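Since the structure comes first, as structure tokens, the remarks are kept for the end.
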Amino acid sequence: MTITEKTPLETELETAERKLSEGPTDEQLLLAVGVSQDRQAFNTLFQRFSKKIFAMGMKLTRNEQLAHDLVQEALMTVWTKAPLYDLDRGTAQSWIFTLTRNRCFDMLRKKKRQPQTISSDDIWPQEGDADMSFVHEEQGSQAVEIAQIERFYTELPVAQQAVIEQIYIYDRTHEEAAAELEIPLGTLKSRLRLGVAKLRVLIGVEQ
Numbered sequence: 054m055t056i057t058e059k060t061p062l063e064t065e066l067e068t069a070e071r072k073l074s075e076g077p078t079d080e081q082l083l084l085a086v087g088v089s090q091d092r093q094a095f096n097t098l099f100q101r102f103s104k105k106i107f108a109m110g111m112k113l114t115r116n117e118q119l120a121h122d123l124v125q126e127a128l129m130t131v132w133t134k135a136p137l138y139d140l141d142r143g144t145a146q147s148w149i150f151t152l153t154r155n156r157c158f159d160m161l162r163k164k165k166r167q168p169q170t171i172s173s174d175d176i177w178p179q180e181g182d183a184d185m186s187f188v189h190e191e192q193g194s195q196a197v198e199i200a201q202i203e204r205f206y207t208e209l210p211v212a213q214q215a216v217i218e219q220i221y222i223y224d225r226t227h228e229e230a231a232a233e234l235e236i237p238l239g240t241l242k243s244r245l246r247l248g249v250a251k252l253r254v255l256i257g258v259e260q
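54 is the number of the first residue of the sequence shown in my numbering; add one for each residue after it.
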């Protein structure tokens, strides 16, 4: 029995047909929502992302009701902000997940009724951390409002934002945060050190 190999053109046509059978891409759907408020496209996005957003909400909040609320909040924000999506700056999934994470942060911030403060001693990692032992020489006693962290931390790189959220917004230990983010503890501490250093500059804390 002779097996005939497919030509590059045949392979390309099969790939194109398979993509058509799978329906429009996430990017095409999001652009349709942004350009013409296409409700059918939005409904398809809802079906594709609602479970993923719920899973993210459970992971971040550990609260089923908040996770359900996040699905509604995030996808309504997708509807209203879809015109801002830029295909050249990333995938639809990345854009939606970033928006979802920000909405989750907003929900948790509103949930915190009582104002909190932390000192610069708290914001820096413990002196015992080998990769941050130089820090104690520059610590001061000035208090830093949590609100200031919330205001400036979004200017950090995404990886550092995630660590700052886990430690200072969600109030998790280094070990818990590393487990949540699925990164080594040493990596978390390194990102925390860099993120906090940038926050100190942004907030204006004396070094």
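The beta-carbon is built from N, C-alpha and C at its ideal position, and this holds for glycine as well. Computed from a predicted structure; not experimentally measured.
Backbone CA spacing between residue i and residue j [nearest angstrom]
i	j	result
Ser-147	Ser-103	14 Å
Gln-110	Cys-157	First, the amino acid is wrong: residue 110 is Gly here, not Gln. If I take the Cα positions, the gap works out to 7 Å.
Thr-144	Tyr-138	9 Å
Ala-120	Thr-60	49 Å
Ala-231	Leu-238	5 Å
Thr-151	Glu-235	18 Å
Arg-225	Arg-162	15 Å
Val-88	Gly-248	37 Å
Glu-80	Thr-130	16 Å
Thr-133	Val-86	9 Å
Pro-136	Asn-96	16 Å
Gln-118	Ile-106	13 Å
Ile-202	Ile-149	23 Å
Leu-82	Leu-98	7 Å
His-227	Lys-164	23 Å
Gln-90	Leu-84	9 Å
Glu-233	Arg-142	27 Å
Asn-116	Ala-108	11 Å
Gln-192	Tyr-221	Here the model assigns Gln-192 a pLDDT of 34, short of 50, so the residue's position is not dependable, and the following value carries that caveat. For Gln-192 and Tyr-221, the distance between alpha carbons rounds to 18 Å.
Cβ-based burial, residue i [other Cβ within 10 Å; buried from 16]
i	result
Glu-126	buried
Ser-243	buried
Gln-219	buried
Gln-93	exposed
Thr-207	exposed
Thr-240	exposed
Arg-292	Outside the shown range of the chain, which is 54 to 260, sits residue 292, and nothing can be said about it.
Leu-140	exposed
Val-254	exposed
Residue nearest to residue i in terms of C-alpha spacing, selected from the options
i	options	result
Ala-250	Pro-210, Pro-237 and Ile-236	Pro-210
Ala-215	Lys-112, Leu-140, Phe-95 and Thr-97	Lys-112
Arg-101	Asp-122, Pro-77, Thr-114 and Arg-115	Pro-77
Thr-114	Phe-95, Asn-155 and Gln-90	Asn-155
Ile-256	Arg-246, Arg-204, Glu-117 and Asp-159	Arg-204
Met-160	Leu-140, Leu-123 and Ala-85	Leu-123
Leu-252	Gln-213, Glu-229, Leu-241 and Glu-233	Gln-213
Leu-128	Leu-140, Ala-108, Thr-153 and Arg-142	Thr-153
- Task: Only counting runs of 4 or more residues, tell me where the alpha helix (DSSP H) segments fall wholly within the stretch 109-155, in order along the chain.
- Result: 117-134
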